[in-house]
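S.K.:
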Amino acid sequence: MNKILVFLEGQANKLKRSSFEAISAARTLATGAGIPFAGIIINGTKEQVKSVGDYGLSDVVNAKHELMETYSSTAAANVLHQVIQSENADVILFAGNAKGLELAPRVAAKLEAGYIGDCVELEFRDGNIIAKKPVYAGKSQITVKVNSDRKVYSLRPNVFTATKVDGTIAITTKDYAPNLSEDDKKAFVTAMMKNEGKMDVLEADIIVSGGRGIKGTENYNLIENLAAAFGGAVGASRAVVDAGWRPHSEQVGQTGKTVSPTLYVACGISGAVQHLAGMSTSKVIVAINKDKDAPIFKVCDYGIVGDLFAVVPKLTEKVKHITGK
Amino acid sequence: MNILVCISRVPDTATRILVGPDGKTIDTQGIKYVISPYDEYGIEEGLRLKEKNGGTVTAVTVGSEGSTDILRTALAMCVDKAVLIKADTHKDSYFVAKNLAEYAKEINPDIIFMGRQSVDYDSLQMPSMVSEFLGIPSVSVVSKLTIADGKATAERDVEGGKEIVEASLPCIISCQKGLNEPRYPKLPDIMKAKSKPIETREAIQTDEKVTVLGMSIPLKQRAGRILGDGDGDIDELVRLLHEEAKII
Ligand SMILES: Cc1cc2nc3c(=O)[nH]c(=O)nc-3n(C[C@H](O)[C@H](O)[C@H](O)COP(=O)(O)OP(=O)(O)OC[C@H]3O[C@@H](n4cnc5c(N)ncnc54)[C@H](O)[C@@H]3O)c2cc1C
Ligand SMILES: Nc1ncnc2c1ncn2[C@@H]1O[C@H](COP(=O)(O)O)[C@@H](O)[C@H]1O
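Encoded structure:
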């Protein structure tokens, strides 16, 4: 192995948190393998990359091109391909978010490299990188390695810890001018519609989800209030989404979103395998259910057996007391 | 329109997963197989496009002889043609992607539908890989789609909202829940599908890009503290979150 390259993604004046997670994972691998690592950002700003040093990253390649002012997956793959060649990098890490999951396999295909998506563990061992990734909706996990010289990985967000290093590290940013033409933009983003005012479950540290036990959309304020007390986002089971009580964007599970927050609170959710598929890697799971035999209690850290209509408002008050929200 | 739908055969999502004797793959005993749920949105979208614009819908899968069952289901949903690219052992995603791309080059589709992910290995790579091998664009996790004037306008789920992506045809669309409501095959069509031909061809071989070393059932140790619903219990939960888990 020669060099690790981490794809960095900006968001307003900062980098996405998942980029810091990827930097930390890259640093651990690079230290293990005794090789350098660098970051690559497309049309990045000074502001965006200024904090990478806190996480031990000192070299950033900034690929600049006016055609990349609007995002294009086909063009971005081309840019990355060029930077990978020029940096002679052979291990490429992406955050496994919406952009990374689409882009990483494109880059891997260009490199004719093996790719492992949605990794939850990466370890340098015996001269190779050994990855772990959930399969069968998290019901099992495989340990897997890439055989090709070039290796591409994406990391499940919120699983790898972003760790700061002691002291500050000076950052060297190198501008790179990729060769691009209009023809490379075979797919491009024309608009972005934000879920106004709402925190997305994919970006939340704490998620409070409701299930069929909430009985109707009119009671969802209980879930919203608890989420607000924690400073978290609102999620839902499929039963709730299918009933039309909540939008699909909030659905957690196999046909919804896969989340991995620090805290997941399931209220009136039975814990069907397809729901667990979307949240089983959460750090701490709390379940509130009136049925003591509900399967969710088998996978939770803390459970309350009781009527959510009585428990949730009380819990909300007590949490507020501590968080002050 | 010439429409290609790629479908993958997976264990029914409610199946209990056990590790097989080789320690690397699942125990297949007693498993019921289905079309990967997201691929049904692909079949449906393909059929609707054909109903609007005319053309043919071809369903293709890379798999063993056993995969004819999902091709029969696709035929029962009324796709025009079913193709099995036969591979006796499961290889990696690169192998599947190369084979799908090879087939696509031959029939030159205007659009290719895939699922967001195949819910076995959840590899999350086929749409991007195949499109790269074909030199065409792809849009992943699409929940709304319009095809007009030689281009696709797709709405896709991203963190915090939705993105609108425009792609030139031919392109690959990976389907997300919400795109449509897949139809159920009708009994007469299920009967007819039984005698329809399935084209079988041998897979091309590729070198193994990734190797599975082992499979395990993750056993994350959870505290599993079950409390009652009294005020004291709720206080205890808050204390645990605050002092033990240190989350709040
Ligand atoms: C292919 C496929 C994909 C799927 N994808 C998903 C997915 O992405 N996400 C998902 O969530 N599901 C998914 N499902 C559906 C899944 O199988 C379950 O049907 C669903 O998760 C059930 O939702 P629920 O737990 O809210 O409802 P239920 O299973 O009905 O559970 C309701 C729970 O609420 C409890 N309850 C009732 N009243 C109260 C009260 N007053 N106080 C406290 N507790 C109470 C009950 O004890 C019960 O445990 C999928 C299914 C299939 C077949
Ligand atoms: N063996 C296969 N044969 C045909 N299509 C497949 C196969 N595996 C995956 N696909 C397609 O690729 C999509 C994404 O799968 P994956 O990238 O493996 O998670 C699936 O939903 C299918 O549409």
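Quick note, the sequences are listed as chains P and L, same order.
As numbered in the working numbering, residues 1 to 325 make up the first sequence, in order.
As numbered in the working numbering, residues 326 to 573 make up the second sequence, in order.
Virtual Cβ for every residue (Gly too), placed ideally from N, Cα, C.
Does the beta carbon of L:Met454 sit closer than 7 Å to a beta carbon anywhere in chain P?
M.R.: Interface residue, yes.
S.K.: Leaving out the 5 sequence neighbours to the left and right, which residues in its chain are closer than 6 Å to L:Ile342 when beta-carbon positions are compared?
M.R.: Around L:Ile342: Ile351.
S.K.: I'd like to confirm something about L:Tyr428: is its beta-carbon nearer than 6 Å to some heavy atom of ligand 2, or not?
M.R.: No, Cβ of L:Tyr428 sits at least 6 Å from all heavy atoms of ligand 2.
S.K.: So, at 6 Å on beta carbons, what are the nonlocal neighbours of P:Val146 in its own chain, with the 5 sequence-adjacent residues on each side left out?
M.R.: Result list for P:Val146: Gly114, in chain order.
S.K.: Per DSSP, L:Gly539 is paired with what?
M.R.: Looking at the DSSP assignment, L:Gly539 forms a beta bridge with P:Thr143.
S.K.: Report the residue from L:Ile551, L:Glu390, L:Val344 whose alpha carbon sits nearest the alpha carbon of P:Lys139.
M.R.: When only C-alpha atoms are compared, the closest one is L:Val344.
S.K.: Mind checking whether the beta-carbon of L:Gln276 lies closer than 6 Å to any heavy atom of ligand 2?
M.R.: Summary: the structure shown does not reach residue 276 of chain L, with chain L confined to residues 326 through 573, and so no result is reported for it.
S.K.: Whose C-beta lies closer than 6 Å to the C-beta of P:Ala89 among residues of the same chain, with five residues either side of it excluded?
M.R.: Only Lys3, Leu5 meet the Cβ criterion.
S.K.: Relative to ligand 2, is the shortest distance from any of its heavy atoms to the C-beta of L:Tyr363 smaller than 6 Å?
M.R.: Because some heavy atom of ligand 2 lies under 6 Å away, the Cβ of L:Tyr363 counts as near it: yes.
S.K.: Residue range of the alpha helix (DSSP H) that P:Lys174 falls in?
M.R.: From DSSP, P:Lys174 is part of no alpha helix (DSSP H) but of the beta strand (DSSP E) over 172-176.
S.K.: Considering only residues of the same chain and omitting the five flanking positions on each side of P:Arg17, which have a CB-CB separation below 7 Å?
M.R.: Ala162, listed in sequence order.
S.K.: Any chance the CB of P:Ile269 is under 6 Å from a heavy atom of ligand 1?
M.R.: Yes - ligand 1 has a heavy atom lying nearer than 6 Å to the Cβ of P:Ile269.
S.K.: Counting only the same chain and skipping the five closest in sequence on each side, list residues whose C-beta sits under 6 Å from that of L:Phe587.
M.R.: Chain L is shown from 326 up to 573; residue 587 of chain L falls before or after that span and cannot be answered.
S.K.: Straight-line CA distance for L:Gly486 to P:Val144?
M.R.: In a straight line, the C-alpha of L:Gly486 is about 33 Å away from that of P:Val144.
S.K.: Does the beta-carbon distance from L:Cys409 to L:Ile523 come in below 7 Å?
M.R.: A small fix is needed here, since residue 409 of chain L is Leu in this sequence, not Cys. It is a contact, given that the beta carbons lie within the stated cut-off.
S.K.: Could you give the distance in angstroms between the alpha-carbon of P:Ile23 and the alpha-carbon of L:Ile489?
M.R.: Their backbone Cα atoms lie some 29 Å apart in a straight line.
S.K.: With a threshold of 6 Å on Cβ separation, who are the neighbours of P:Arg106 within its own chain once the five nearest residues in sequence on each side are excluded?
M.R.: These residues qualify, in order along the chain: Ala77.
S.K.: How about P:Gly244 and L:Ser448: do their beta carbons lie closer than 7 Å?
M.R.: No, the Cβ-Cβ distance between P:Gly244 and L:Ser448 is not below 7 Å.
S.K.: Look at the Cβ atom of P:Glu218, then the Cβ atom of P:Ala236, and state whether they are nearer than 7 Å.
M.R.: No; because the gap between Cβ atoms is not below 7 Å, this pair is not in contact.
S.K.: Nearest by alpha-carbon distance to L:Glu527: which of L:Ala518, L:Cys331, L:Ile368, L:Glu427 is it?
M.R.: Ranking L:Ala518, L:Cys331, L:Ile368, L:Glu427 by Cα distance to L:Glu527 puts L:Glu427 first.
S.K.: Examine chain L for any beta-carbon lying closer than 7 Å to the beta-carbon of P:Ser171, and answer yes or no.
M.R.: Rather than Ser, the amino acid found at residue 171 of chain P in this sequence is Ile. Not an interface residue.
S.K.: Since P:Val135 and P:Ile142 should fall inside the 8 Å C-beta cutoff, what is the C-beta to C-beta distance between them, to a whole number of angstroms?
M.R.: At roughly 5 Å, the Cβ-Cβ gap stays under 8 Å, so P:Val135 and P:Ile142 are in contact.
S.K.: Is the beta carbon of L:Asp435 less than 7 Å from the beta carbon of L:Asn505?
M.R.: In this structure, L:Asn505 does not lie closer than 7 Å to L:Asp435 by Cβ.
S.K.: Using the C-alpha atoms, what's the distance from P:Glu112 back to L:Gly460?
M.R.: Computed Cα separation, rounded: 14 Å.
S.K.: Using a 10 Å radius around the Cβ and a threshold of 16 neighbouring Cβ atoms, would you call L:Ala422 buried or exposed?
M.R.: Flag for L:Ala422 reads buried.
S.K.: Looking at the secondary structure, which residues open and close the alpha helix (DSSP H) in which L:Gly371 lies?
M.R.: Unbroken alpha helix (DSSP H) run through L:Gly371: 362-378.
S.K.: By the 8 Å beta-carbon criterion, what residues does the stretch 554-571 of chain L contribute toward chain P?
M.R.: The residues in question are Asp554, Asp556, Asp558, Ile559, Asp560, Leu562, Val563, Leu565, Leu566, His567, Ala570.
S.K.: Roughly how far, in whole angstroms, is the beta-carbon of P:Ala98 from the beta-carbon of L:Glu484, given that I think they are within contact range, below 8 Å?
M.R.: Going by Cβ atoms, the distance from P:Ala98 to L:Glu484 rounds to 6 Å, so yes, they are a contact pair.
S.K.: If distances are taken between C-alpha atoms only, which option among L:Lys511, L:Asp405, L:Asp482 comes closest to P:Val189?
M.R.: Of the candidates L:Lys511, L:Asp405, L:Asp482, the one whose C-alpha sits nearest the C-alpha of P:Val189 is L:Asp482.
S.K.: Cα separation between P:Cys300 and P:Val284?
M.R.: Going from the Cα of P:Cys300 to the Cα of P:Val284 covers about 7 Å.
S.K.: Is the shortest distance between the beta-carbon of L:Lys469 and the beta-carbons of chain P less than 7 Å?
M.R.: So no, L:Lys469 is outside the interface.
S.K.: Among the candidates L:Gly388, L:Gly371, L:Ser468, whose CA atom is the shortest distance from the CA of L:Gly380?
M.R.: Closest option to L:Gly380, Cα to Cα, is L:Gly371.
S.K.: I need the DSSP call for P:Lys318, collapsed to helix, strand or coil.
M.R.: P:Lys318: helix per DSSP, three-state reduction.
S.K.: List, in order along the chain, the chain L residues whose C-beta lies closer than 7 Å to that of P:Asp118?
M.R.: Result: Asp447, Leu449.
S.K.: Mind checking if L:Pro434 is an interface residue toward chain P, Cβ cutoff 7 Å exclusive?
M.R.: Chain P, which has no Cβ nearer than 7 Å to the Cβ of L:Pro434, makes this no.
S.K.: Quick check on DSSP: helix, strand or coil for L:Glu480?
M.R.: Note: L:Glu480 maps to strand in three-state DSSP.
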